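These protein sequences, in sequence, are chains A and B. Reminder that position 62 of the first sequence reads as 113 in the working numbering, one-by-one numbering, no gaps. Reminder that position 176 of the second sequence reads as 227 in the working numbering, one-by-one numbering, no gaps. Just so you know, even glycine gets a beta-carbon here, dropped at the ideal spot from N, CA and C. For clarity, every value in this text was computed on a predicted model and none was experimentally measured. Down below is the structure, laid out as structure tokens.
There are 2 protein chains.
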Amino acid sequence: MSVERVSWRNAESSFDRDDVAVEEPLELRLNGKAISVTLRTPGDDEALALGFLWGEGILTRRAELISVEQVAENAVNAQVAAAVLERGGWQRNFYATSSCGVCGKASLSMIRAPGGVVAAASPLRPEMLLPLPAKARAAQEIFARTGGLHAAAWVDPEGEIRCLREDVGRHNAVDKVVGRALLDGSLPLGGQLLFVSGRAGFELVQKAIAAGFAALLAVGAPSSLAVSLAQERGLGLAGFLRADGMNVYAHPERFGLRGGA
Amino acid sequence: MSVERVSWRNAESSFDRDDVAVEEPLELRLNGKAISVTLRTPGDDEALALGFLWGEGILTRRAELISVEQVAENAVNAQVAAAVLERGGWQRNFYATSSCGVCGKASLSMIRAPGGVVAAASPLRPEMLLPLPAKARAAQEIFARTGGLHAAAWVDPEGEIRCLREDVGRHNAVDKVVGRALLDGSLPLGGQLLFVSGRAGFELVQKAIAAGFAALLAVGAPSSLAVSLAQERGLGLAGFLRADGMNVYAHPERFGLRGGA
Numbered sequence: 052m053s054v055e056r057v058s059w060r061n062a063e064s065s066f067d068r069d070d071v072a073v074e075e076p077l078e079l080r081l082n083g084k085a086i087s088v089t090l091r092t093p094g095d096d097e098a099l100a101l102g103f104l105w106g107e108g109i110l111t112r113r114a115e116l117i118s119v120e121q122v123a124e125n126a127v128n129a130q131v132a133a134a135v136l137e138r139g140g141w142q143r144n145f146y147a148t149s150s151c152g153v154c155g156k157a158s159l160s161m162i163r164a165p166g167g168v169v170a171a172a173s174p175l176r177p178e179m180l181l182p183l184p185a186k187a188r189a190a191q192e193i194f195a196r197t198g199g200l201h202a203a204a205w206v207d208p209e210g211e212i213r214c215l216r217e218d219v220g221r222h223n224a225v226d227k228v229v230g231r232a233l234l235d236g237s238l239p240l241g242g243q244l245l246f247v248s249g250r251a252g253f254e255l256v257q258k259a260i261a262a263g264f265a266a267l268l269a270v271g272a273p274s275s276l277a278v279s280l281a282q283e284r285g286l287g288l289a290g291f292l293r294a295d296g297m298n299v300y301a302h303p304e305r306f307g308l309r310g311g312a
Numbered sequence: 052m053s054v055e056r057v058s059w060r061n062a063e064s065s066f067d068r069d070d071v072a073v074e075e076p077l078e079l080r081l082n083g084k085a086i087s088v089t090l091r092t093p094g095d096d097e098a099l100a101l102g103f104l105w106g107e108g109i110l111t112r113r114a115e116l117i118s119v120e121q122v123a124e125n126a127v128n129a130q131v132a133a134a135v136l137e138r139g140g141w142q143r144n145f146y147a148t149s150s151c152g153v154c155g156k157a158s159l160s161m162i163r164a165p166g167g168v169v170a171a172a173s174p175l176r177p178e179m180l181l182p183l184p185a186k187a188r189a190a191q192e193i194f195a196r197t198g199g200l201h202a203a204a205w206v207d208p209e210g211e212i213r214c215l216r217e218d219v220g221r222h223n224a225v226d227k228v229v230g231r232a233l234l235d236g237s238l239p240l241g242g243q244l245l246f247v248s249g250r251a252g253f254e255l256v257q258k259a260i261a262a263g264f265a266a267l268l269a270v271g272a273p274s275s276l277a278v279s280l281a282q283e284r285g286l287g288l289a290g291f292l293r294a295d296g297m298n299v300y301a302h303p304e305r306f307g308l309r310g311g312a
């Protein structure tokens, strides 16, 4: 999906377009009943639904599947034998997600839950943000040993890391940072920045907004849904943060940059 | 956490130890009632619990929190004001996870759900697996444009990719591959291999076992729980797959390699 962006490299801004990975919710229905919502890249949705049912042990034999059908752009229904429903497991009312921001939202319409207000940031100088990936890497003790951890950090408007946490789950690393701020009495984190070592998907944008951050900075790529939610809710969103620059996908003014024409 | 491994580089095996990121389930309780299980890296668990409750909009003010306490090694209880419970949201019975393999498992004891039997692989020659990251990258059309996608692939014992799928969620990419095999009548995938472009956590091992794969090959690092589940259930597990070799953390015989002393 093509989106507008401000590419800021070597202190020069350019305005162009960028392709981002498409992320959209998919509702999974079992014999007509919605049992799960996952954030996925559209395509091969019937296979996704069946693979999920198989992995969860709900569907255990090919013969139990009567049919599978894309019943709407973002909904798939799997029709299965009565024996599957009788065996149970599907009533767990679980929710699949690429992390955990949409857990428990029972329908697609509930996914964009209200979050906290994004407070205005102090005027930032974007140059101050460029050393962040290197600073975060230096602070990541466990990653250095294992290569297996995501990091999230609360960063102040001067670009200093105030709190960094690591976890195997990127949403957990963010939750640890936000929860620590709650314990310290610092929530909401108006005017502050959230840094993540990986990609920026919908749930991280949602968590950033809920905590009141002014902007989300990612080393990796954003998803389409992350870009649209950040644009809509006033969150600054930057990806591909490197020592020489970054790409800004939403609200460049949050980083002290001018927007497009 | 330190684990044994077979490091196989430039056609030479060595037996040594490696640090892997610790992944363990955490049960989150709200006023004594279990409402969520997440796979996380232990540490700052109280903050994790509070950040999760905040991000989900269950806890909205600091004053609503009465106390938060680690009540067991892998369980945290948050005691909140009656008003929070009355407001609702927490009854959604949701399940947080770094992907979706533990969704809906209502207690820690259910996490290691039974999966399919891992069938014996044809004798593999590990050299055949080395080109996989390059082959997968060449086949990843969307990643090439966006830098934002995970890939999963069904690979046959000759090292050929039989089916590759991309998704913003790594577990979705695996579900798409497994679901496609179900539709094609190829499940269970005994003797076949599962390749993933990222890290290998618990849920991917669980999904690989459920689909009957003989081994899981990852470009990234494995987690501690992934290693122990693979060892226990007979799944071959390799990480850091590169053009010159890989590290094998469980069942090296699945890759045609000898185990340690």
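> Which of helix, strand or coil does DSSP assign to Ala100(A)?
Replying inline: DSSP places Ala100(A) in helix when its eight states are reduced to three.
>> For Val71(B), would you say it is in contact with chain A, using Cβ-to-Cβ distances shorter than 8 Å as the test?
In response: Chain A, which has a Cβ nearer than 8 Å to the Cβ of Val71(B), makes this yes.
> To which residues of the same chain is Ile117(A) closer than 7 Å at the C-beta, ignoring the five residues directly before and after it?
Replying inline: Within the same chain, Cβ atoms closer than 7 Å to the Cβ of Ile117(A) are found at Gln130, Val131 and Ala132, the five residues on either side in sequence being excluded.
> What are the start and end residues of the beta strand (DSSP E) that includes Arg309(B)?
Replying inline: Here Arg309(B) belongs to no beta strand (DSSP E), and DSSP marks it neither H nor E.
>> Restricting to runs no shorter than 4 residues, where is the alpha helix (DSSP H) found entirely within the segment 56-144 of chain B?
In response: Fully enclosed alpha helix (DSSP H) runs of 4 or longer: 96-106 and 133-138.
> Helix, strand or coil: how does DSSP classify Gly230(B) here?
Replying inline: Helix at Gly230(B).
> Taking Cβ to Cβ, would you say Phe306(B) is nearer than 8 Å to Asn298(B)?
Replying inline: The Cβ-Cβ distance between Phe306(B) and Asn298(B) does not fall below 8 Å.
> Which runs of the alpha helix (DSSP H) fall wholly inside the segment 228-310 of chain A and span at least 4 residues, in chain order?
Replying inline: Here the runs fully enclosed are 253-261 and 275-284.
> If you draw a straight line from the C-alpha of Ser64(B) to the C-alpha of Asp235(A), how long is it?
Replying inline: Cα-Cα distance, rounded: 50 Å.
> What residues in the segment 209-229 of chain A have a beta carbon less than 8 Å from any beta carbon of chain B?
Replying inline: For the segment 209-229 of chain A, residues whose beta-carbon sits nearer than 8 Å to a beta-carbon of chain B comprise Arg216, Glu217, Asp218, Val219, Gly220, Arg221, His222, Asn223, Val225, Asp226, Lys227, Val228 and Val229.
> How should Asp69(B) be labelled, buried or exposed, when 16 other C-beta atoms within 10 angstroms of its C-beta is the threshold for buried?
Replying inline: Residue environment analysis places Asp69(B) among the buried positions, since at least 16 neighbouring C-beta atoms fall within 10 angstroms of its C-beta.
>> Short of 6 Å in beta carbon distance, which residues of its chain neighbour Leu175(A), apart from the five on each side in sequence? Order them along the chain.
In response: Cβ neighbours of Leu175(A) within its own chain (closer than 6 Å, five residues either side excluded): Pro208, Phe306 and Gly307.
>> Relative to the C-alpha of Arg60(B), which candidate in Leu79(B), Ala224(B), Leu180(B) and Ala262(B) has its C-alpha closest?
In response: Closest by C-alpha distance to Arg60(B), out of Leu79(B), Ala224(B), Leu180(B) and Ala262(B), is Leu180(B).
> What whole-angstrom Cβ distance do Ser87(A) and Leu79(A) have, given they're in contact under 8 Å?
Replying inline: Confirmed, about 4 Å.
> Does Ala204(B) get closer than 8 Å to chain A when you measure Cβ to Cβ?
Replying inline: Cβ-Cβ to chain A under 8 Å: no for Ala204(B).
> Pick from Leu183(B), Glu74(B), Asn125(B) and Pro93(B): whose alpha carbon is nearest that of Arg293(B)?
Replying inline: Nearest of Leu183(B), Glu74(B), Asn125(B) and Pro93(B) to Arg293(B), Cα basis: Leu183(B).
>> Please identify, using Cβ separations under 8 Å, the residues of the segment 265-291 of chain A that lie next to chain B, in order along the chain.
In response: Answer in chain order: Gly271, Ala272, Pro273, Ser274 and Phe291.
>> Does chain B have any CB closer than 8 Å to the CB of Trp105(A)?
In response: At a cut-off of 8 Å between C-beta atoms, Trp105(A) counts as an interface residue with respect to chain B.
> Taking Cβ positions only, does Leu233(B) come closer than 8 Å to chain A?
Replying inline: It does; some Cβ of chain A falls within 8 Å.
>> Once DSSP output is grouped into helix, strand and coil, what is the label at Arg216(A)?
In response: In the structure shown, Arg216(A) sits in a strand (DSSP, three-state: E or B).
> Counting only beta-carbon atoms, is Glu178(A) nearer than 8 Å to chain B?
Replying inline: With 8 Å as the cut-off, Glu178(A) does not count as an interface residue toward chain B.
> Are the segment 109-126 of chain A and the segment 239-257 of chain B touching, with three or more C-beta to C-beta distances below 8 Å?
Replying inline: Taking a cut-off of 8 Å for Cβ pairs, the segment 109-126 of chain A and the segment 239-257 of chain B do not touch, as fewer than three such pairs fall below it.
> Alpha carbon to alpha carbon, what distance is there between Gln243(A) and Ser58(B)?
Replying inline: Roughly 43 Å separates the two Cα atoms.
>> Which same chain residues end up closer than 6 Å to Gly271(A) when comparing Cβ atoms and leaving out the 5 residues on each side of it in sequence?
In response: Taking Gly271(A) as the centre and dropping the five residues before and after it, the same chain places the C-beta of Gly249 and Arg250 closer than 6 Å to its C-beta, in chain order.
> Is Lys186(B) close to chain A, meaning its C-beta is less than 8 Å from at least one C-beta of that chain?
Replying inline: So, not an interface residue.
> Which residues, in order along the segment 107-128 of chain A, keep a beta-carbon less than 8 Å from a beta-carbon of chain B?
Replying inline: Residues of the segment 107-128 of chain A with a C-beta less than 8 Å from any C-beta of chain B: Glu107, Gly108, Leu110, Arg113, Leu116 and Val119, listed in chain order.
> With burial defined as no fewer than 16 other Cβ atoms inside 10 Å of the residue's Cβ, what is the status of Lys227(A): buried or exposed?
Replying inline: Under this definition Lys227(A) is a buried residue.
> If the cut is a Cβ gap below 8 Å, which residues of chain B does Ala85(A) touch?
Replying inline: The contacting residues do not exist; Ala85(A) stays about 13 Å from chain B at best.
> If we cut at 8 Å on Cβ distances, does Gly310(B) have a partner in chain A?
Replying inline: Output row for Gly310(B): interface = no.
> Given a threshold of 16 other Cβ atoms within 10 Å of its Cβ, counted over all protein chains shown, does Thr148(A) qualify as buried or as exposed?
Replying inline: With a pLDDT of only 37 at Thr148(A), under the threshold of 50, the placement of this residue in the model should not be trusted; the figure read from the coordinates follows. That one is buried.
>> Let me make sure I understand the geometry here. Which of Glu124(A), Thr92(A), Leu81(A) and Glu75(A) has the alpha-carbon closest to that of Arg216(B)?
In response: Out of Glu124(A), Thr92(A), Leu81(A) and Glu75(A), Thr92(A) has the C-alpha closest to the C-alpha of Arg216(B).
>> Just to make sure I have the definition right: I need the residues of chain A whose C-beta is within less than 7 Å of the C-beta of Ala98(B). Which are they?
In response: Annotation: Cβ neighbours of Ala98(B) in chain A (cutoff 7 Å, chain order): Lys227, Gly230, Arg231 and Leu234.
>> Between which two residues does the alpha helix (DSSP H) holding Pro184(B) run?
In response: Unbroken alpha helix (DSSP H) run through Pro184(B): Leu183 to Ala190.
>> Is Arg163(A) close to chain B? Criterion is C-beta to C-beta, closer than 8 Å.
In response: Here the model assigns Arg163(A) a pLDDT of 48, short of 50, so the residue's position is not dependable, and the following value carries that caveat. Answer no: the Cβ-Cβ gap between Arg163(A) and chain B never drops below 8 Å.
> Pick from Gly106(A), Ala281(A), Leu238(A) and Glu74(A): whose alpha carbon is nearest that of Leu101(B)?
Replying inline: For Leu101(B), the closest alpha carbon among the candidates Gly106(A), Ala281(A), Leu238(A) and Glu74(A) is that of Leu238(A).
> Do you know offhand how far Val54(A)'s Cα is from Leu255(A)'s?
Replying inline: Distance from the CA atom of Val54(A) to the CA atom of Leu255(A), rounded to whole angstroms, is 19 Å.
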